[in-house]
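What follows is a short report on a single structure.
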Amino acid sequence: MQNRTMEIGVGLFLLAGILALLLLALRVSGLSPTASTDTYKLYANFDNIAGLTVRAKVTMAGVTIGKVTAIDLDRDNYMARVTLQLEKAVDNLPTDSTASILTAGLLGEKYIGLSVGGEDTVLKDGGTIHDTQSSLVLEDLIGKFLLNTVSKDAK
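At position 99 of the sequence shown the residue is numbered 99 (UniProt numbering), and the sequence of numbers has no breaks.
Next up, the structure:
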């Protein structure tokens, strides 16, 4: 009887360990089923979002305040339209705030960084951030550098 109790205890311990690893994997991946009821949506249009994905974080001053919920092509002006879901605690963003696509480290993940503007009017739910800075594409920089070097050598 004592051997059977020990086997059940070890089995429950292993089951708890597997569930803890599963929960940890869900939280790290950003797929955790947490209810985000106190949020609002903003939109931002970018020329190039190279590498930005849905569920990428949105930060302000290094603090995560939201996430990217959708990326679509705006067919009217042929720009990428990014939907941001932000916490209600930061519902006082001025209308001249700036959204930039940044990279964590040299080749890390892409995320959106918000910089606060100075206007008195604030963005409402469903508003659009007009001042945006697109993603920096390493291949474009290398191409510009090479073309600039070649044109200097030709002169």
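A virtual CB, placed ideally from N, CA and C, is assigned to each residue, including glycine.
Note that the structure is predicted; figures quoted are calculated from it, not measured.
Helix, strand or coil at residue i [DSSP, three-state]
{"i": "R27", "result": "helix"}
{"i": "G66", "result": "strand"}
{"i": "A20", "result": "helix"}
{"i": "residue 156", "result": "The chain is shown from 1 up to 155; residue 156 falls before or after that span and cannot be answered."}
{"i": "L42", "result": "strand"}
{"i": "G143", "result": "helix"}
{"i": "L15", "result": "helix"}
{"i": "residue 220", "result": "The displayed coordinates of the chain run from 1 to 155. Any statement about residue 220 would go beyond what the structure contains."}
Paired residues, beta bridge with residue i - DSSP
{"i": "V10", "result": "The partner list for V10 (beta bridge, DSSP) is empty, contrary to what the question assumes."}
{"i": "V58", "result": "G66 and I112"}
Expected contact under 8 Å - CB spacing of residue i and residue j to nearest Å
{"i": "T69", "j": "T53", "result": "Not confirmed; about 11 Å, so no contact."}
{"i": "residue 219", "j": "T121", "result": "Since the displayed the chain opens at 1 and closes at 155, residue 219 lies outside it and no answer follows."}
{"i": "Y111", "j": "K144", "result": "Not confirmed; about 24 Å, so no contact."}
{"i": "K2", "j": "T39", "result": "One detail in the question is off: residue 2 reads as Gln in this sequence, not Lys. That belief does not hold up - the Cβ atoms of Q2 and T39 are roughly 53 Å apart, past 8 Å."}
{"i": "G9", "j": "T59", "result": "Not really, about 44 Å apart at Cβ, beyond 8 Å."}
{"i": "G66", "j": "S135", "result": "Not a contact, Cβ separation roughly 18 Å."}
{"i": "L93", "j": "V116", "result": "7 Å"}
- [ ] Scan the stretch 65-134 and note each continuous beta strand (DSSP E) run of 3 residues or more that stays entirely inside, going in chain order.
- [x] 79-87, 98-103, 110-115, 127-129 and 131-133
Open item on the list: Closer than 8 Å is the cut-off here; do at least three beta carbon pairs connect the stretch 125-139 with the stretch 43-53?
Closed with: yes
Open item on the list: Assess contact between the stretch 98-118 and the stretch 12-19, defined as three or more Cβ pairs (one per stretch) separated by less than 8 Å. Is contact present?
Closed with: no
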